[in-house]
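Note that this note's numbering has the sequence shown beginning at 1, numbered continuously upward. Each residue gets a CB set at the ideal place from its N, CA and C atoms; glycine is no exception.
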Amino acid sequence: MSASAAADPEHPTPSGVLAALYRSIEPTEPVETARALVGDRSVRIALCLDCPDELEAIGRALGICLRMLGRSPEFSGYGITDCRLL
């Protein structure tokens with residue numbers, strides 16, 4: 001990321017993404033770790049969840065991301081375009 005993009009309030013920083021993400025996680029959710037990668041026009045989030053099955057993990061991850069988008073005005077122009085189980 002260029003220095004101008006990092007200083008631009010239109011572009012979130014990885015630490016800003018993680019702060020917003022952690023504000024959106026409920027205390028009972030099984031999040032072990034989270035990472036964020038910010039590009040020019042996209043944000044990638046990796047969540048490690050402790051869930052009994054894959055379907056529940058995907059549902060919980062999408063729920064967390066949807067809450068983050070809804071609660072954080074800095075992400076009002078963003079949407080979820082991809083979800084992968086790794």
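query, result
"Could you please give the first and the last residue of the uninterrupted beta strand (DSSP E) stretch that includes residue 48?", "43-49"
"How many angstroms separate the CA atom of residue 71 from the CA atom of residue 40?", "22 angstroms"
"Classify residue 61 as buried or exposed, calling it buried when 16 or more other Cβ atoms lie within 10 Å of its own Cβ.", "buried"
"With a Cβ-Cβ cutoff of 8 angstroms, do residue 29 and residue 64 count as a contact?", "yes"
"Kindly give me the distance between the Cβ atoms of residue 16 and residue 74, rounded to whole angstroms, as I take these residues to be in contact under 8 angstroms.", "7 angstroms"
"State the DSSP-derived secondary structure class of residue 16, mapped to helix, strand or coil.", "helix"
"Going by the CB atoms, is the gap between residue 14 and residue 38 shorter than 8 angstroms?", "yes"
"For the alpha helix (DSSP H) containing residue 74, list its first residue and its last residue.", "No alpha helix (DSSP H) contains residue 74, which DSSP labels as neither H nor E."
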